[in-house]
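Notes to accompany the following structure.
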Amino acid sequence: MEKPIAGPSKTKPKNSEVISVPAVGFDDEEADEASESDDDSDDDGVDEMGMERLMNALGDDGLDEYEQMQLHLALGGEADEDDDEDTSDEEFTLKSGAKGSDPESSDSNDAEDDGDFDDEEDDREEDDEEGQDVALEDVESIDDDAVPKQKTEIDNTVALARIRETIQLDPSLSWTETLVLTYPDAIEVDVEDDLNRELAFYKQALHGATTARTLAAKHHLPFTRPADYFAEMVKSDAHMERIRQRLLDETAGIKKSEDKRKEREGKKFGKQVQIEKLKEREKGKKEMEERLRGLKRKRGDMLDKPNGGDDDFDIAVEDAISDRPAKRGRGAGPGGRGRGAGKVSRDARNQKFGFGGAGKRSKSNTRESTDDFGGGKRGGGFGGRGGRGGRGGRGGGRGGFGGRGGGSKRPGKDKRVAAKSRR
Amino acid sequence: MSSVLKAQKANATSKTDNKGKRKADEMDVDDADAPQLKKKKNKQRVLLLSSRGITHRMRHFMNDLEVLLPHVKKDSKLDSKSQLHLLPELADLNNCNNTLYFEARRHEDLYLWAAKTPNGPSIKMHVQNVHTMDELKMTGNCLKGSRGLLSFDKAFDDTEWGKLTKELFTHIFGVPATARKAKPFIDHILTFSILDSKIWFRNFQILEKDPVQPNGPPQTTLVEIGPRFVLTPIRIFEGAFGGATVFSNPEFVSPSAVRSAIRKEKGGKYGQRKDAEQESSRRKELRKRDEDELAVSKVFA
Chain V
1 MEKPIAGPSK TKPKNSEVIS VPAVGFDDEE ADEASESDDD SDDDGVDEMG MERLMNALGD
61 DGLDEYEQMQ LHLALGGEAD EDDDEDTSDE EFTLKSGAKG SDPESSDSND AEDDGDFDDE
121 EDDREEDDEE GQDVALEDVE SIDDDAVPKQ KTEIDNTVAL ARIRETIQLD PSLSWTETLV
181 LTYPDAIEVD VEDDLNRELA FYKQALHGAT TARTLAAKHH LPFTRPADYF AEMVKSDAHM
241 ERIRQRLLDE TAGIKKSEDK RKEREGKKFG KQVQIEKLKE REKGKKEMEE RLRGLKRKRG
301 DMLDKPNGGD DDFDIAVEDA ISDRPAKRGR GAGPGGRGRG AGKVSRDARN QKFGFGGAGK
361 RSKSNTREST DDFGGGKRGG GFGGRGGRGG RGGRGGGRGG FGGRGGGSKR PGKDKRVAAK
421 SRR
Chain C
424 MSSVLKAQKA NATSKTDNKG KRKADEMDVD DADAPQLKKK KNKQRVLLLS SRGITHRMRH
484 FMNDLEVLLP HVKKDSKLDS KSQLHLLPEL ADLNNCNNTL YFEARRHEDL YLWAAKTPNG
544 PSIKMHVQNV HTMDELKMTG NCLKGSRGLL SFDKAFDDTE WGKLTKELFT HIFGVPATAR
604 KAKPFIDHIL TFSILDSKIW FRNFQILEKD PVQPNGPPQT TLVEIGPRFV LTPIRIFEGA
664 FGGATVFSNP EFVSPSAVRS AIRKEKGGKY GQRKDAEQES SRRKELRKRD EDELAVSKVF
724 A
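Heads up: the sequence lines are chains V and C, in that order. Going by the numbering used here, the residue at position 335 of the first sequence is 335; the numbering climbs one at a time, nothing skipped. Going by the numbering used here, the residue at position 7 of the second sequence is 430; the numbering climbs one at a time, nothing skipped.
The following block contains the structure:
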């Protein structure tokens, strides 16, 4: 079945020579395979393996680039297909078709072969278009646009309903058997928002509790636990004590931190207040110092009348210390008050309140009183009433005491030192 | 066991003669008649057990549930995690018709199986965010063994699996009136809510203060007792601890996958840095210009 190939001068003779050789060899093999190939509908066309063998046989003198391209086009360009063996006839026809050597035969052959090739190509393409699911492990090249299928989800609602009906409790059971409640509102809160989420759960529980109360009343189920019902609780008393302690500690801690914060704030503000207070105190002290010094200078001779003068001095000191020195008539005011308010001497107090409180209610015209002239209280009272400016009065009082002898003297060194330190 | 006790009680209260044979007859008769005469009651008993490898937090959590539910029977640890078919048998031995099985994996993850044991459905759930009753922030307290109210969210009724889960939880977490250790008053409420396709559980104590007005209703306040946890349903099986899957949750990501994703991210940093370095060096090469004509090496050859 060889067709003599007569073609253009250049390349043909070489090819024709070469072709004849392998043809002999192939005939025998492919006669067998032809029968096989007849069974296959797919592979009418070209045999890739055969072509490869031919090409190898041709060697370097084989097809040019142009001819190779034509050959590839004729074959439909499928490199990966594994075709079954094919008849040699068709190979040769292919060859002739590709080269277009014999115009008459080749044209017809071309038409046939091209038709065959077209069919083949179509077949191959259909195979590819059938869309096989390739498992992820088997895929050779991963297309970026390929969508991975998810694992199968099962939601067999029919089976679920059937099972539920099987295990369902008897609907005739009263509510008291199960104590089940349904919350009519849907919970739509953001999961991350802790506060609102817990609030939603709290609302659900609250609604449940209130509806349950009414239902329990209807079914005569005891609901509230009476205060005197003592039984074992879920958490032990020791545990509850720890909880209580923790709550207390928490509140105490908060209070302490609050106080500390207030103190800190107050300190900043109070520092200024403190400085001002200190200044004031210092000023007050200085004033007092000056007044006392003035007093001391004026009353240099106070040593002469230790007792009676005490009151005077005390009052004067009092005036110096106090911010508002009393008015002149102070001593004349409620008599006892002037003396009793501030520095009243021990002796005076003893005389007034001691021994059952002699004071003014005692007898005044007694045997002893006729003997002493201007002594006792009279002198002191007179002196006291004299007040500050009463030099004359004091002079009298001094005279009444019998005088110390001589005029006013500057007290000795010891006395002066003692006075100074006392102040 | 409970049936025997019931029979004994019936015997004690029966007014007939105490002859031996007749006693036996009466026992049978009583048993047969009892369920027909009395109203149908809800009888549930729950078997509570864990696998090996459980941590202290999970153990405390289990103990909390045991304390809250008086119809629960706690059993010793299950040795193997692969032989779950033993669990229905164990439940039968203990005369329980429900099971709560805590499966601890890798000392980190806790899975909860809730099943109805003879051949009922079972749910496998992943437990997260467990806060036990011991935590000092949960200040509520309730009677040990008091029957708690159950409050279910509306979302349970929207899906089929939700309805089945609601039914199962009613059997397990709802204390039947006939439980031996049950106490009379209603003290606390258990709430189940579905949020973000997870089931959130809370337990509140119901406190009543005296009303402000003497005639008004008492003011109800709630204080949390604990525990609190979040369940993610993974699969619902037709049988107890096995069988065909009738529901699988597509949004469940296993904790090990989460951990490996985190680790990959951390590990990827080195690779990304190296790639970036390579890229920059390649681009640097591209940016290299030919030597200028006036370059030193060309001018001074």
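Beta carbons are placed, not taken as given, at the ideal position from N, Cα and C, and that holds for glycine. The structure displayed is predicted, hence computed values, not measured ones.
If you follow the beta strand (DSSP E) that residue 528/C is part of, which residue opens it and which one closes it?
Its beta strand (DSSP E) spans residues 521–528.
Going by other Cβ atoms of all chains shown within 10 Å of its Cβ, with 16 needed for buried, is residue 69/V buried or exposed?
With fewer than 16 Cβ atoms within 10 Å of its Cβ, residue 69/V is classed as exposed.
Do you know offhand how far residue 665/C's Cα is from residue 159/V's?
Distance between the alpha carbons of residue 665/C and residue 159/V is about 15 Å.
How about the stretch 192–203 of chain V and the stretch 484–503 of chain C: do they share at least three Cβ pairs that are nearer than 8 Å?
Touching, no, given that fewer than three Cβ pairs across the two stretches are closer than 8 Å.
Grouping DSSP H, G and I as helix and E and B as strand, with all else coil, what is residue 568/C?
Residue 568/C: coil per DSSP, three-state reduction.
Quick check: residue 343/V and residue 314/V, are their CB atoms within less than 8 Å of each other?
For residue 343/V and residue 314/V, yes; Cβs fall inside 8 Å.
To the nearest angstrom, how far is it from the Cα of residue 648/C to the Cα of residue 225/V?
Cα-Cα distance, rounded: 17 Å.
Under the rule that 16 or more other beta-carbon atoms within 10 Å means buried, what is residue 723/C, buried or exposed?
It counts as exposed.
Would DSSP call residue 631/C helix, strand or coil?
Residue 631/C: strand per DSSP, three-state reduction.
For residue 549/C, which of 559/C, 528/C and 581/C has the nearest alpha-carbon?
Measuring from the Cα of residue 549/C, the nearest candidate turns out to be 528/C.
Is residue 678/C helix, strand or coil when you go by DSSP?
Residue 678/C: helix per DSSP, three-state reduction.
Kindly indicate if chain C contains any beta-carbon less than 8 Å away from that of residue 254/V.
Not closer than 8 Å to any Cβ of chain C, the Cβ of residue 254/V fails to qualify, so no.
How would you call residue 369/V, buried or exposed, if buried means at least 16 neighbouring beta carbons within 10 angstroms?
So residue 369/V counts as exposed.
Are three or more beta carbon pairs between the stretch 598–616 of chain C and the stretch 574–590 of chain C nearer than 8 Å?
At 8 Å Cβ cutoff, the stretches touch.
Give the residues of chain V in contact with residue 486/C, contact being defined as C-beta atoms less than 9 Å apart.
By Cβ distance, chain V contributes nothing, its closest Cβ being about 11 Å from residue 486/C, past 9 Å.
Whose CA, out of 553/C, 675/C, 590/C and 564/C, lies closest to the CA of residue 467/C?
Residue 590/C is the option with its Cα nearest to residue 467/C.
Mind checking the stretch 171–184 of chain V against chain C and listing, in chain order, the residues whose C-beta falls within less than 9 Å of any C-beta there?
So the list reads 172, 173, 174, 176, 177, 178, 179, 180, 181, 182, 183 and 184, given in the order they occur along the chain.
Please name the residue or residues paired with residue 656/C in a DSSP beta bridge.
Paired residues: 548/C.
Have a look at the DSSP bridge pairing and note the partners of residue 575/C.
Per DSSP, 182/V and 615/C.
Taking residue 465/C and residue 599/C to be in contact with their CB atoms under 8 Å, please state how far apart those CB atoms are, rounded to whole angstroms.
4 Å between Cβ atoms; contact.
Taking C-beta pairs closer than 7 Å, name the residues in chain C that residue 235/V reaches, listed in chain order.
Those within 7 Å of residue 235/V in chain C are 556 and 564.
If contact is defined by three or more beta carbon pairs under 8 Å, each pair taking one atom from either stretch, is the stretch 580–596 of chain C in contact with the stretch 530–540 of chain C?
Touching, yes, given that three or more Cβ pairs across the two stretches are closer than 8 Å.
Do you know how far the Cα of residue 700/C is from the Cα of residue 715/C?
If you take the alpha carbons of residue 715/C and residue 700/C, they lie about 28 Å apart.
According to the Cβ coordinates, are residue 221/V and residue 182/V closer than 8 Å?
No, they are not a contact pair.
Can you pull the chain V neighbours of residue 574/C, defined as C-beta to C-beta under 7 Å?
Chain V residues near residue 574/C: 181, 183, 204, 205 and 208.
Is the Cβ of residue 231/V closer than 8 Å to any Cβ of chain C?
It does: the Cβ of residue 231/V has a partner Cβ on chain C nearer than 8 Å.
According to DSSP, simplified to helix, strand and coil, what is residue 725/C?
There is no way to answer for residue 725/C, as the model of chain C reaches only from 424 to 724.
Going by C-alpha to C-alpha distance, which of 534/C, 515/C, 601/C and 657/C sits closest to residue 620/C?
Taking only the C-alpha atoms, the option nearest residue 620/C is 657/C.
Does the Cβ-Cβ distance between residue 572/C and residue 608/C come in under 8 Å?
It is not a contact, given that the beta carbons lie outside the stated cut-off.
Using DSSP with H/G/I as helix, E/B as strand and the rest coil, what is residue 418/V?
In this structure, residue 418/V counts as helix in the three-state DSSP scheme.
Going by beta carbon distance, what residues of the same chain come within less than 7 Å of residue 785/C, once the five residues before and after it are set aside?
Nothing about residue 785/C can be read from this structure; chain C reaches only from 424 to 724.
Ignore the nearest five residues each way along the sequence and tell me which others in residue 668/C's own chain have a CB closer than 8 Å to its CB.
Only 658, 659, 660 and 661 meet the Cβ criterion.
I need the DSSP call for residue 229/V, collapsed to helix, strand or coil.
In this structure, residue 229/V counts as coil in the three-state DSSP scheme.
Quick one, are the C-beta atoms of residue 487/C and residue 582/C less than 8 Å apart?
Their beta carbons are not under 8 Å apart, which means residue 487/C does not touch residue 582/C by this criterion.
In this structure, what does DSSP give as the bridge partners for residue 155/V?
In DSSP, residue 155/V forms a bridge with 670/C.
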